[in-house]
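Asker: Residues in the sequence shown are numbered from 612 upward in steps of one, following our numbering. Cβ coordinates follow ideal geometry from the N, Cα and C atoms, glycine included.
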Amino acid sequence: IFLGEFIDRVRQKKSDITVLDLGCGKGGDLLKWKKGRIKKLVCTDIADISVQQCKHRYEEMKSRCRYNEHIFDAEFIQADSTKDLLSSKYNDPDMRFDICSCQFVYHYSFETYEQADMMLKNACGNLSPGGYFIGTTPNSFELVKRLEASETNSFGNDVYNVKFEKKGDYPLFGCKYDFHLEEVVDVPEFLVYFPLLEE
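1) Give me the Cα-Cα distance between residue 716 and residue 649, rounded to the nearest whole angstrom.
2) Taking just the CA atoms, how far does residue 727 sit from residue 664?
3) Between which residues of its own chain and residue 814 is the CB-CB distance below 7 Å, once the five residues before and five after are set aside?
4) What residue range is occupied by the uninterrupted alpha helix (DSSP H) comprising residue 653?
5) So what's residue 623 in DSSP terms, helix, strand or just coil?
6) In its own chain, which residues sit with a C-beta less than 8 Å from the C-beta of residue 702, not counting the 5 before and 5 after it?
7) Going along the chain, which unbroken runs of the alpha helix (DSSP H) with 4 or more residues stay wholly within the region 650 to 715?
8) Do three or more CB pairs link the region 663 to 682 to the region 623 to 637 at distances below 8 Å?
9) From this set, 792, 748 and 779, which residue's C-alpha is nearest residue 760's C-alpha?
10) Between which two residues does the beta strand (DSSP E) carrying residue 630 extend?
11) Can you look up residue 733 in the DSSP assignment and give me helix, strand or coil?
12) Excluding the 5 residues flanking residue 767 on each side, which residues of the same chain have their C-beta closer than 7 Å to its C-beta?
13) Would you identify the three-state DSSP class for residue 751, choosing helix, strand or coil?
14) I need the DSSP call for residue 769, collapsed to helix, strand or coil.
15) Please report the residue range of the alpha helix (DSSP H) in which residue 784 lies.
16) State buried or exposed for residue 676, treating a residue as buried only when at least 16 other CB atoms are found within 10 Å of its CB.
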């Protein structure tokens, strides 16, 4: 994803850019935010260990900065964004974000309508007027297409495997599949019906 593109768009209107990294993980995008010269970053994740690792990476990055080098302020929050209202956990509950980045985590919220709704409130509820929600999620249409082309209820190769409980039944919420990526990921995920998300 070209986060820098969106930072540049916001910078045309204002210089002090505030970002929400929803599902920050271990802080894989910290360097991108630093290069973008943002003013403030709020990092949230469901896993406390990931939030702690992200905070540690930020502190290391900050300690390596030269005295005149800019580094953004950061806030770190452990929370389940599908169940907790994040604004009640911010240092400033009225804070507005110019960008909300949600990379490969939104699909976990599609277990239920209520969880997807809360995730969307957290992603967009505190966006500034004209702010951007940038998200990446697996392509549900492609997943279903590959499943239907398979002779079983799964598909993949030596590196990854996607397994559904059954074919032909794809509810809007709670359509679970198991995703396995060799030695990296082995978790249940949920299809996101994109037209519904846009609505």
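Answerer: In short:
1) If I take the Cα positions, the gap works out to 23 Å.
2) 26 Å
3) Given a span of 612 to 810 for the chain in the structure shown, any question on residue 814 remains unanswerable.
4) Residue 653 -> not in any alpha helix (DSSP H); beta strand (DSSP E) instead, spanning 651 to 656.
5) coil
6) Counting only Cβ-Cβ distances below 8 Å, and skipping sequence neighbours, we find 686.
7) Counting only runs of 4+ residues, the alpha helix (DSSP H) found wholly inside the region 650 to 715 occupies 659 to 674, in chain order.
8) yes
9) 779
10) 629 to 633
11) helix
12) Residues 773 of the same chain have their beta carbon placed closer than 7 Å to that of residue 767, with the five preceding and five following residues left out of the count.
13) helix
14) coil
15) For residue 784, there is no enclosing alpha helix (DSSP H), as DSSP marks it with neither H nor E.
16) exposed
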